[in-house]
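In this note's numbering, the protein residues as written are 1 to 562.
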RNA sequence: UGGGGAGUGGCCAAGUGGUAAGGCACUGGCCUUUGGAGCCAGGUACCGAAGGUUCGAAUCCUUCCUCCCCAGCCA
């Protein structure tokens, strides 16, 4: 079960265009064969599975070329960032299985340097303090088709700008009173070059620098230089920053410092979920889910609680390729990688979610036998266990039909099935309550079939899971379904929420061996799906989350028949 | 619309002038003490479109179409 943190376990990682670029650099000697990358999250929310694509790409690129990957928090906006998120992000990346060495980097560590570089730009005559309001700046910026116009404050003297910027820093201005802007080109067809804002005034305490600063660098001003300071060679980011690259290059050129190569790739999107921190935060804040780690959330903490493994998530990242075209990966792909991992590693257990009682009428009253069960048919070393068998059992209600349709192989009057690892049984009748609801299924068993095989070689078409009624323990089981009913929820995502994304089964039965289940362990409930213990569990009341169902051929047959 | 990107089977994605990998999904079959897993097989992909160059183009040229990103003192 610990193999999940072994990154080298049989992973096939196809090459990609990013590595082609690195190969070219290595061939030309552009960075002297060095490869340094970084994963730069903003601590304004929890990481989701989309981030794992960027995490994986950055760390794997560094590993592939014998370089290193820094974890750096882009903490330039104290209005939105919190220590809670920093801690969560660290935990999530560790859990995913990546290692960034002993140092954690923060953009806030570069505030002083960034400030000095801003002064340098002012002295070079390419930055100025602007007293236009936010609204005015927007108006002056022009539109996509019309050029902007210069701010009336654009041509202040170097001395005046220096003095004003100093006053900004020392707190002489209120929030929003003025900003520091780069003096580039208000008519540029690339809007990012129309005198972008470098610093804004924010009288706000920062999680790490406290009240040391009241001016904070904008992302665009901080990001490229942070990479430069760390000697990053390949600055891998998502597509939307492509148009910002000329701006970063402009800054680096003006400052005359190390130029990383920015490479943009398409972020990972999945069907039936949303991958935007803003939307996820809204789901949390408005109570549509139980929190950032709600098992229905695509957050790493949510997936972890749901029972997803780091291996499955890494596999998805490796197998969906790195490209520049924006696409949406079907959620089925993720379900495949988690099933593949869990099939190999999860211990098999018996659980009956929706029980119906079965009485073996010819089985001796009071007799209890022990049958041996295999813990994992995919892994002999997982061994076997013993389970009690008695006259009264529970089976899954849906495994019995009084009037079965075609191709229903399970239990029905007169039909013979196998109780896994136990006996063949034949249904001889049912007991119903006043409402006509079946409360008991009566069967006879064949003592010759102990263990599940008939000496005469006769076959059965179905094998059912079961529990000895007097020995069964109770548990709550939470079934999760996709959070949205639309493959691509879009802007109107709240209206696409799936009302049945969570089903709580309060009274299920589990086999005695499951009482010892621990957090972080993965189980297959035979014939049902994969489950794990939820942290909400208490001593007297275990709670299991369904990670994913088993592939269900019968469900498909039913759909076709309907 | 100005600028920046992208278009290869249902979904991802290889391919970079020589006649379309692979994965997921799907469909058959085999096997099976999980209708799980596994194994085998399958889909005429006219490579966004139209022209052109070439003995030969998904790959080169031209034009066009569609989709995504940018007008935060967010990142």
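Don't be surprised by glycine CBs; every beta carbon is placed ideally from N, CA and C. For clarity, every value in this text was computed on a predicted model and none was experimentally measured.
Fill in: Alpha carbon of residue 332 to alpha carbon of residue 180, nearest angstrom
Mapped onto the first chain, residue 332 falls at position 332. Mapped onto the first chain, residue 180 falls at position 180. Straight-line Cα distance between these residues: approximately 48 angstroms.
Practice prompt. Check the DSSP bridge columns for residue 236 and list the partner residues they point to.
Written response: By 1-based counting over the first chain, the position of residue 236 is 236. Its beta-bridge partners are 263.
Worksheet item: Is there contact here, the segment 493-500 with the segment 411-431, by at least three beta-carbon pairs under 8 angstroms?
Response: no
Worksheet item: Quick one: is residue 461 buried, meaning 16 or more other Cβ sit within 10 Å of its Cβ, or exposed?
Response: Numbered from its first residue, the first chain carries residue 461 at position 461. Looking at its Cβ environment, which holds fewer than 16 other Cβ atoms inside 10 Å, residue 461 is exposed.
Item to complete: Using a threshold of 8 angstroms, state whether the C-beta atoms of residue 92 and residue 301 are closer than that.
Response: For the purposes of this step, residue 92 is taken as residue 92 along the first chain, with counting starting at 1. For the purposes of this step, residue 301 is taken as residue 301 along the first chain, with counting starting at 1. Yes; because the gap between Cβ atoms is below 8 angstroms, this pair is in contact.
Worksheet item: Leaving out five residues before and five after residue 204 in sequence, what residues of the same chain have Cβ atoms less than 7 angstroms from its Cβ?
Response: As a working note, residue 204 is residue 204 in the first chain. Here the set comprises 78, 79.
Item to complete: Ignoring anything shorter than 4 residues or poking outside the segment 154-209, list the alpha helix (DSSP H) runs there in chain order.
Response: 158-170
Practice prompt. Can you give me the start and stop residues for the alpha helix (DSSP H) that residue 341 sits inside?
Written response: Translated into the one-based positions of the first chain, residue 341 becomes position 341. 331-345 is the extent of the alpha helix (DSSP H) around residue 341.
Worksheet entry | Residues near residue 156 in its chain [Cβ-Cβ closer than 8 angstroms; skip 5 each side] | Working through the first chain from its first residue, we reach residue 156 at position 156. For residue 156, where only same-chain residues beyond five positions count, the Cβ hits under 8 angstroms are 128, 129, 164.
Worksheet item: Exposed or buried, residue 260, counting other C-beta atoms within 10 Å across all chains shown (16 or more means buried)?
Response: For the purposes of this step, residue 260 is taken as residue 260 along the first chain, with counting starting at 1. Classification of residue 260: buried, given that the 10 Å Cβ count is 16 or more.
Practice prompt. Can you give me the start and stop residues for the beta strand (DSSP E) that residue 445 sits inside?
Written response: The residue you call residue 445 lines up with position 445 of the first chain. Here the beta strand (DSSP E) through residue 445 covers 438-445.
Fill in: Alpha-carbon spacing of residue 162 relative to residue 224, whole angstroms
Here residue 162 is taken as the residue at index 162 of the first chain, counted from 1. Here residue 224 is taken as the residue at index 224 of the first chain, counted from 1. Each residue's alpha carbon lies about 23 angstroms from the other.
Discussion item. Assuming residue 427 is part of the beta strand (DSSP E), what are its boundary residues?
Written reply: On the first chain, residue 427 is found 427 positions in, with the first residue counted as 1. Residues 424-432.
Worksheet entry | Whole-angstrom distance between residue 466 and residue 508, CA atom to CA atom | In the first chain, counting from the first residue as 1, residue 508 sits at position 508. In the first chain, counting from the first residue as 1, residue 466 sits at position 466. Their backbone Cα atoms lie some 12 angstroms apart in a straight line.
Item to complete: Report yes if the CB atom of residue 443 is closer than 8 angstroms to the CB atom of residue 368, and no otherwise.
Response: Position 443 of the first chain holds residue 443. Position 368 of the first chain holds residue 368. No. Outside cutoff.
Worksheet item: Got a sec? Which residues, its chain only, sit under 8 angstroms from residue 363 by beta carbon, not counting five neighbours each side?
Response: Here the question's residue 363 lines up with position 363 in the first chain. Excluding sequence neighbours, residue 363 sits near 390, 391, 445.
Worksheet entry | Range of the contiguous beta strand (DSSP E) that encloses residue 545 | As a working mapping, residue 545 is identified with position 545 in the first chain. Start and end: 543-549.
Worksheet item: Could you check where the beta strand (DSSP E) with residue 357 kicks off and where it finishes?
Response: Here residue 357 refers to the residue found at position 357 when the first chain is read from its first residue. 355-360 is the extent of the beta strand (DSSP E) around residue 357.
Discussion item. On the criterion of 16 or more Cβ atoms from any shown chain inside 10 Å, does residue 133 qualify as buried, or is it exposed?
Written reply: Here residue 133 corresponds to residue number 133 of the first chain, with the count starting at 1. Flag for residue 133 reads exposed.
Fill in: C-beta atoms of residue 230 and residue 105 nearer than 8 angstroms
The residue given as residue 230 occupies position 230 in the first chain. The residue given as residue 105 occupies position 105 in the first chain. Contact: yes.
Practice prompt. Pull up the distance between the alpha-carbon of residue 111 and that of residue 216, whole angstroms please.
Written response: Indexing the first chain from 1 puts residue 111 at position 111. Indexing the first chain from 1 puts residue 216 at position 216. Rounded to whole angstroms, residue 111 to residue 216 spans 8 angstroms at the Cα level.
Item to complete: Please determine, among 393, 239, 201, the residue with the shortest C-alpha to C-alpha distance to residue 563.
Response: Look at the range of the chain in this structure, 1 to 562, and you will see that residue 563 is not part of it.
Practice prompt. Consult DSSP for residue 136 and reduce its assignment to one of helix, strand or coil.
Written response: Translated into positions along the first chain, residue 136 becomes position 136. Residue 136 falls in the helix class under three-state DSSP.
Worksheet entry | residue 90 versus residue 503: straight-line alpha-carbon distance, rounded | For this step, residue 90 is matched to residue 90 along the first chain. For this step, residue 503 is matched to residue 503 along the first chain. So the alpha carbons of these two residues sit roughly 31 angstroms apart.
Practice prompt. Report the partner residues of residue 401 according to the DSSP bridge assignment.
Written response: Counted from its first residue, the first chain places residue 401 at position 401. In DSSP, residue 401 forms no bridge with anything.
Practice prompt. Quick one: give me the first and last residue of the alpha helix (DSSP H) that residue 319 is part of.
Written response: The residue given as residue 319 occupies position 319 in the first chain. Here the alpha helix (DSSP H) through residue 319 covers 310-319.
Discussion item. Would residue 125 and residue 187 qualify as a contact pair, given that the criterion is a beta-carbon distance under 8 angstroms?
Written reply: What you label residue 125 is simply residue 125 of the first chain in a count that begins at 1. What you label residue 187 is simply residue 187 of the first chain in a count that begins at 1. No.
Item to complete: Out of 234, 511, 407, point me to the one whose CA is closest to residue 58's CA.
Response: For the purposes of this step, residue 58 is identified with residue 58 of the first chain, where counting begins at 1. With distances taken between Cα atoms, residue 58 lies closest to 234.
Worksheet item: By the 10 Å Cβ neighbour count, where 16 or more other Cβ atoms means buried, how is residue 190 classified, buried or exposed?
Response: The residue given as residue 190 occupies position 190 in the first chain. When all chains shown are included, residue 190 counts as exposed.
Practice prompt. Measure the Cβ-Cβ separation of residue 563 and residue 337 and say whether it is below 8 angstroms.
Written response: Residue 563 is absent from the model: the chain starts at 1 and stops at 562.
Worksheet item: Excluding the five sequence neighbours on either side, which residues of its own chain have a C-beta within less than 7 angstroms of the C-beta of residue 18, listed in chain order?
Response: Start at 1 with the first residue of the first chain, and residue 18 comes out as number 18. So the list reads 57, 61, 236, 263, 265, 322, once near-sequence residues are dropped.
Worksheet item: Where do the ends of the alpha helix (DSSP H) carrying residue 58 lie?
Response: Within the first chain, the letter at position 58 stands for residue 58. It spans 49-64 - the alpha helix (DSSP H) in which residue 58 sits, taken as one unbroken run.
Discussion item. Do residue 402 and residue 425 count as a contact pair if the criterion is CB distance below 8 angstroms?
Written reply: Residue mapping note: residue 425 aligns to position 425 of the first chain, counting from 1. Residue mapping note: residue 402 aligns to position 402 of the first chain, counting from 1. Not in contact: residue 425 and residue 402 (Cβ atoms no closer than 8 angstroms).
Item to complete: Would you check if the distance between the CB atom of residue 484 and the CB atom of residue 505 is smaller than 8 angstroms?
Response: Indexing the first chain from 1 puts residue 484 at position 484. Indexing the first chain from 1 puts residue 505 at position 505. In this structure, residue 505 does not lie closer than 8 angstroms to residue 484 by Cβ.
Worksheet item: Is the Cβ-Cβ distance between residue 511 and residue 420 less than 8 angstroms?
Response: Counted from its first residue, the first chain places residue 511 at position 511. Counted from its first residue, the first chain places residue 420 at position 420. No, they are not a contact pair.
Worksheet item: Looking at residue 351 and residue 528, is the spacing between their C-beta atoms short of 8 angstroms?
Response: As a working note, residue 528 is residue 528 in the first chain. As a working note, residue 351 is residue 351 in the first chain. The answer is yes: Cβ separation under 8 angstroms.
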